Amino acid sequence: MGDDDSRTKLLRKLKPYVYMVCLQFGYAGMYTISAATLKHGMNHYVLVVYRNLTALVVIAPFALWFERNKRPKITPLIFLKIVALVVLEPVMDQNFYYMGTKLTNASFSAAFYNILPAITFMLAILLRMEKINITRRRSQAKVIGTAITVAGAILMILYKGPNVEFKEHARHGSAEAVAAATGGGTNWLKGTSMLFVSCISWSLFFIVQSNTLQSYPAELTLTALICGLGVLLSGAVAVVMERGSFEPWKIGWDMRLFTAVYSGIVCSGVAYYVQGIVMKERGPVFVTAFNPLCMIITAFMGTIILAEEITLGRIIGAVIIVIGLYALIWGKSNDHLASSPPDRTRNGALKELPLVTSETTGATQPVFAAATSLIHIPAAKYP
Numbered sequence: 004m005g006d007d008d009s010r011t012k013l014l015r016k017l018k019p020y021v022y023m024v025c026l027q028f029g030y031a032g033m034y035t036i037s038a039a040t041l042k043h044g045m046n047h048y049v050l051v052v053y054r055n056l057t058a059l060v061v062i063a064p065f066a067l068w069f070e071r072n073k074r075p076k077i078t079p080l081i082f083l084k085i086v087a088l089v090v091l092e093p094v095m096d097q098n099f100y101y102m103g104t105k106l107t108n109a110s111f112s113a114a115f116y117n118i119l120p121a122i123t124f125m126l127a128i129l130l131r132m133e134k135i136n137i138t139r140r141r142s143q144a145k146v147i148g149t150a151i152t153v154a155g156a157i158l159m160i161l162y163k164g165p166n167v168e169f170k171e172h173a174r175h176g177s178a179e180a181v182a183a184a185t186g187g188g189t190n191w192l193k194g195t196s197m198l199f200v201s202c203i204s205w206s207l208f209f210i211v212q213s214n215t216l217q218s219y220p221a222e223l224t225l226t227a228l229i230c231g232l233g234v235l236l237s238g239a240v241a242v243v244m245e246r247g248s249f250e251p252w253k254i255g256w257d258m259r260l261f262t263a264v265y266s267g268i269v270c271s272g273v274a275y276y277v278q279g280i281v282m283k284e285r286g287p288v289f290v291t292a293f294n295p296l297c298m299i300i301t302a303f304m305g306t307i308i309l310a311e312e313i314t315l316g317r318i319i320g321a322v323i324i325v326i327g328l329y330a331l332i333w334g335k336s337n338d339h340l341a342s343s344p345p346d347r348t349r350n351g352a353l354k355e356l357p358l359v360t361s362e363t364t365g366a367t368q369p370v371f372a373a374a375t376s377l378i379h380i381p382a383a384k385y386p
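If you read the sequence shown in our numbering, its first letter stands for residue 4, the second for the next number, and so on.
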């Protein structure tokens, strides 16, 4: 019995880590195939619409069935939060990410996104979702790790250095890939700026999603609503930006369709839902802390599939970002334990037993009042 309990606790503890690692493989695939599709002429405004439409079609039936009895009422405040989520993620984050990736490349985008946990952490401090006590080592690690992460990102932008070739055939890659990796002037800086805006939007999305789930704890329904409204808003943006032209909307049974379907199912539908589950337990900073794994996978896939060049400056910057990132993770490692509710404490802790006070009226049966009293009973100790 004890072994079963310990095994169950271990699996419960590992589950958030397994979820987030699997998502990084999914994101790496999206980074790679979307970079290839965009460089071959796919319109990124249209891709966002098709991506969210696919996610809606897949997620909506599950939301209607599994959450039919637990779906909370949507108040005006909750609706405003959902609209904010739609503007931050499907409209801003996805469009700016695709524009930035088109002007740089997949591996640089994945590496640059490692600043996401640091941005999320800083925004959480500003919004008072994170507490800092500078006299404690873990708080110091959070601050220092954030500073190191930002320094690594700046190094990636300002210093490129020579190309690092992992494969002999890399030098024969496409001219676009080589030009994107080696420099880039105006386009490279413009792409980096767009990726930075995308990072801020995604960080704010995580924070607002974490807050929304507290008052609307229906992950599948929330995901379906984000994708559904995302189709409408991103569709309006696409129509305006393309001036009503129908040509960009035409796709066939090719890589463009696969990119939209894959991104919609894995990176919008499944990712929103899984991130919501993990975020309720561990918070938004934990969810963003696994990006270095995605960077490694994307760099490998980009070199093999897209023949992308990797520069020395990008490698050094990525290593610095990872060091700072895991200092931040170490500082946050016990945060979820500090916020655990009292009824989850172990032997020796106080447990609360709710008692209902009864009132006798003129009726034959007693009526139970709404007031409750709490009696604290120490956990039993056995020899």
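Positions of the beta carbon are idealized from the N, C-alpha and C atoms, including for glycine.
In this text the structure is predicted, and so the values were computed from the model without any measurement.
Residue span of the alpha helix (DSSP H) that contains residue i, given as start and end
i      : result
Ile268 : It is not in any alpha helix (DSSP H) - Ile268 carries neither H nor E in the DSSP assignment.
Ala310 : Run containing Ala310: none; DSSP gives neither H nor E here.
Ile85  : Pro79 to Val89
Phe115 : Ala109 to Phe115
Pro287 : Pro287 to Val290
Coarse secondary structure for residue i, derived from DSSP in three states
i      : result
Asn55  : helix
Ala156 : helix
Gly29  : helix
Pro120 : helix
Asn98  : helix
Asn166 : strand
Gly320 : helix
Arg131 : coil
His47  : helix
Tyr329 : helix
Pro75  : coil
Asn294 : helix
Thr40  : helix
Ala184 : Low per-residue confidence applies at Ala184: pLDDT is 45, beneath 50, and the placement is therefore not dependable, though the value from the model is reported in the following sentence. Helix at Ala184.
Tyr219 : coil
Asn190 : helix
Ser336 : coil
Asn136 : coil
Glu92  : helix
Arg15  : helix
Proximity of residue i and residue j at Cβ, strictly below 7 Å
i      : j      : result
Tyr162 : Ala113 : no
Leu56  : Val234 : yes
Ala66  : Gly272 : no
Thr314 : Gly194 : no
Cys202 : Leu119 : yes
Ile137 : Glu222 : no
Val269 : Gly29  : yes
Thr215 : Glu70  : no
Leu228 : Val94  : no
Arg54  : Ala263 : yes
Val277 : Tyr22  : yes
Tyr219 : Ile81  : yes
Phe115 : Leu198 : yes
Gly155 : Gly316 : no
Val51  : Leu232 : no
Thr123 : Phe208 : no
Gly305 : Leu158 : no
Ser110 : Ala302 : yes
Buried or exposed by the 16-neighbour rule on C-beta atoms within 10 Å, applied to residue i
i      : result
Trp205 : buried
Glu250 : exposed
Tyr48  : buried
Leu192 : exposed
Thr11  : exposed
Phe293 : buried
Ile151 : buried
Phe99  : buried
Pro295 : buried
Lys134 : exposed
Thr364 : Bear in mind that a pLDDT of 46 at Thr364, under 50, signals an unreliable position, so the number given afterwards is only what the model happens to contain. The residue is exposed, with fewer than 16 neighbouring Cβ atoms inside 10 Å.
Pro247 : Strictly speaking, residue 247 in this sequence is Gly, with Pro absent from that position. Gly247 should be labelled exposed.
Gly148 : buried
Leu130 : exposed
Gln27  : buried
*Within the stretch 221-285, note down every full alpha helix (DSSP H) run reaching 4 residues or more, in order along the chain.*
222-244, 258-265 and 274-285
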